[in-house]
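Inspection log for the structure reproduced underneath, given as structure tokens.
In this note's numbering, the protein residues as written are 18 to 512.
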């Protein structure tokens, strides 16, 4: 399979090359140039283990890689605290797909356990000698998951930029206390969109210069990297297979998935799963107060010219959803000129509009509902009081969206709610929901939640406050390129 840019660049790359490069020369995202999704045998996955499913999905998209079974084994063996990796559980009349059983207690672990292996193998199999520098913007979870995944990977360094004051205290401690000789985390005065835009500008300004002068290739661990997106497709098949194996559906019965969404990568993976034959009826996009995607799905107008809110679901505090570009490419009939024009309008004017026929296609699969902070806390409380099940803020946003969809779209088929993080990553909101007296120390709140609920604190979140803080830099948005240069010149990432 060859990969091309959503914006029309003539470069055609193999999967290995696209994974290593991360982003196209013209700023677009890599998408399959020719892919017969109808040829994928979705039903054949239903009796397989998660690892075997991953092998089939990886082989479809990443067909020039050697030893896919070995790559999958290296990616997942011993890294998750549940043998199923992404188990599904019953909560009332819904199924919750638990995506928080990995090294950092967030859904990003599923992809970021695989991406470092994919990049290392691509580098080795293509005979690349240059070092790789991963630049990543994070709204909270990607940062630590990427640092964990790329920790001490030979020939690879990683710098994570996160919005100053825009992540939870637990998320910040996870990044600033991270181990690994080749990792860095730095706070940026701005929001996630600022950091994401800053990273893209660094790619545009420094890619050629660093390759020529420093023998360094820039790449990304964000979901703009096709190697991040592919592993996320797998757990949609796994959730459907779980329903099938429990006798709740027969193969071919439609299922809805409700996805808390910020940068659009997670829900786009569900869209690709549907294209590959998974019987998905609706993808329900759950938004918080930063509801630019909800408005887009309802009106066809993407307009980031609106207030930015810091909410209690910070991983969704995003106004520029990068992966939506891949959906535009698909819905427009692979019209790269249209995608390029839309992205230029977004950058220049902060908005663009899709034509009526595209909006109709969009709404055939996607619906969206939003939830404010007060309702998010209320939903955490209700789910715990009624079902004894503890959810985080992002899952609460999804749970409420699923409830709204049930009222307005009908509940004729099962609804799978994606639970993207452990409740312990957002203790302030969870404490408020459970009536636990707030503590000045976010980490002591973890013990309070455990005492109240009996739910085990993930091992990777225990004793975070006892680990030394390694990274305390705070920079301005405009300082991001010079910061990258300084870190490279220090030589510390590649010792």
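The beta carbon of each residue, even a glycine, is placed where N, CA and C say it ideally should be.
Quick one, which of the options has its alpha-carbon nearest residue i's?
i, options, result
"residue 299", "67, 429, 119, 153", "429"
"residue 49", "63, 24, 64", "24"
"residue 332", "223, 154, 274", "154"
"residue 18", "26, 32, 182", "32"
"residue 403", "62, 110, 282", "110"
"residue 117", "94, 158, 150, 135", "158"
"residue 285", "420, 373, 142, 240", "240"
"residue 420", "52, 184, 78, 400", "400"
"residue 380", "221, 316, 243, 498", "316"
"residue 319", "370, 366, 277", "370"
"residue 17", "487, 127, 262", "Nothing can be reported for residue 17: it is not among the residues displayed for the chain, which extend from 18 to 512."
Please report the residue range of the alpha helix (DSSP H) in which residue i lies.
i, result
"residue 411", "410-425"
"residue 205", "Per DSSP, residue 205 belongs to no alpha helix (DSSP H); it is in the beta strand (DSSP E), 200-206."
"residue 301", "No alpha helix (DSSP H) holds residue 301; the beta strand (DSSP E) holding it covers 297-304."
"residue 363", "353-366"
"residue 78", "67-78"
"residue 20", "Element bounds for residue 20: not the alpha helix (DSSP H) but the beta strand (DSSP E), 19-22."
"residue 38", "32-38"
"residue 63", "Careful: residue 63 lies outside any alpha helix (DSSP H) and carries neither H nor E."
"residue 466", "459-470"
"residue 261", "243-262"
"residue 141", "132-142"
"residue 285", "282-292"
Applying the 10 Å Cβ sphere with the 16-neighbour rule, what's the burial state of residue i?
i, result
"residue 268", "exposed"
"residue 322", "exposed"
"residue 106", "exposed"
"residue 510", "buried"
"residue 45", "buried"
"residue 198", "exposed"
"residue 255", "buried"
"residue 61", "exposed"
"residue 59", "buried"
"residue 232", "exposed"
"residue 230", "exposed"
"residue 390", "buried"
Report the partner residues of residue i according to the DSSP bridge assignment.
i, result
"residue 448", "None, per the DSSP bridge assignment."
"residue 431", "Looking at the DSSP assignment, residue 431 forms no beta bridge with any residue, so it has no partner."
"residue 153", "177"
"residue 274", "300, 433"
"residue 236", "151"
"residue 112", "107, 433"
"residue 369", "319"
"residue 49", "20"
"residue 438", "123"
Starting from residue i, trace the beta strand (DSSP E) both ways and give me its first and last residue.
i, result
"residue 318", "318-320"
"residue 387", "383-387"
"residue 493", "491-493"
**Study point:** Three CB pairs or more closer than 8 Å across the region 112-122 and the region 472-484
**Key:** yes
Practice item. Count the CB pairs spanning the region 298-315 and the region 331-342 that are closer than 8 Å, and state whether there are at least three. Key: yes
Check your understanding: Per the contact definition of three or more C-beta pairs closer than 8 Å, is the region 159-174 in contact with the region 442-454?
Key -> no
Practice item. May I ask you to verify whether the region 66-73 touches the region 287-307, counting CB pairs closer than 8 Å and requiring at least 3? Key: no
Check your understanding: Does the region 240-254 come close enough to the region 127-136 that 3 or more CB-CB pairs lie under 8 Å?
Key -> Output reads yes: the region 240-254 touches the region 127-136.
Practice item. For the region 185-195 and the region 212-224, state whether three or more C-beta atom pairs, one from each stretch, are separated by less than 8 Å. Key: no
Point to revise | contact_flag[the region 343-353, the region 175-182] where n(CB pairs < 8 Å) is 3 or more | key: The region 343-353, when compared against the region 175-182, does not touch it at the 8 Å Cβ threshold.
Review point. If we count Cβ pairs, one from each stretch, closer than 8 Å, do we get three or more for the region 77-89 versus the region 135-153?
Key: yes
Review point. How do the region 497-510 and the region 194-211 stand: do at least 3 beta-carbon pairs fall below 8 Å, yes or no?
Key: The region 497-510 and the region 194-211 touch, with no fewer than 3 CB-CB distances between them shorter than 8 Å.
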